[in-house]
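The structure under discussion appears below in the form of C-alpha cells.
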Amino acid sequence: MVKLEEMDTHVTLREQLFSNTDGSIVLVNIFHVDPSMADTLIETWKEDAEYFRSKVGLISAQLHRGIAGSGTFMNYAIWENLERFRAAFTDPEFKEKLAKYPDGIVGSPHVFQKVAVPGICVA
Numbered sequence: 001m002v003k004l005e006e007m008d009t010h011v012t013l014r015e016q017l018f019s020n021t022d023g024s025i026v027l028v029n030i031f032h033v034d035p036s037m038a039d040t041l042i043e044t045w046k047e048d049a050e051y052f053r054s055k056v057g058l059i060s061a062q063l064h065r066g067i068a069g070s071g072t073f074m075n076y077a078i079w080e081n082l083e084r085f086r087a088a089f090t091d092p093e094f095k096e097k098l099a100k101y102p103d104g105i106v107g108s109p110h111v112f113q114k115v116a117v118p119g120i121c122v123a
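Start counting the sequence shown at 1; every next residue gets the next number (UniProt numbering).
Shown next, in the form of C-alpha cells:
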C-alpha cells in the first residue's frame with residue numbers, strides 16, 4: 001500500500017479537503033519509488049486516473065517523471081472545485097485503490113490554487 005506523507009508541515013491534506021475553498025483547485029502528488037518500480041507505479045497510477053476520470057469534476061491529469069533515472073514522479077490534476085475532488089478522494093472505492101499500490105511507494109498529495117503575479121501570470 002502507498003504510504004502517504006504530508007507535503008506541508010503547516011497544514012494537513014485532511015484540513016485542506018475540508019476547508020472552504022472556492023474555484024478550481026490543483027492536486028499535486030509527489031511519488032517517490034525505487035526506479036525499478038517505475039513501471040508498477042505508472043500502471044497503478046493509470047488505474048487511479050481512470051477512476052478519477054469517471055468522476056464529475058476532473059478537468060485533466062498528467063503524470064510527470066524526473067529525468068536521468070529518477071524515481072520521483074509528480075501527478076498534476078486540475079479539478080473544477082474542491083467539493084468534487086473531496087467526493088472522489090474520500091470515496092471508499094478510491095480507498096480500496098490505494099491499497100493496491102505496492103509497498104515501497106511514498107506519496108505526498110497536496111491541494112493548490114493558482115496565484116496571480118502581476119506581469120508574470122494570471123490566476
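All C-beta atoms in this analysis are idealised placements derived from N, C-alpha and C, irrespective of residue type, glycine included. Remember, predicted model here, so these are calculated numbers, not experimental data.
Restricting attention to beta strand (DSSP E) runs no shorter than 3 residues, the UniProt domain "ABM" (25-96) encloses them at 25-32, 58-65, 72-79, ordered along the chain. Between the stretch 44-55 and the stretch 3-21 there are fewer than three C-beta pairs closer than 8 Å, too few to call the two in contact.
When C-alpha distances from residue 47 are compared across 116, 95, 119, the shortest belongs to 95.
The stretch 17-27 makes no contact with the stretch 62-73; the number of CB pairs closer than 8 Å stays below 3. Excluding its 5 nearest sequence neighbours in each direction, residue 90 has C-beta neighbours in its own chain below 8 Å: 17, listed in chain order.
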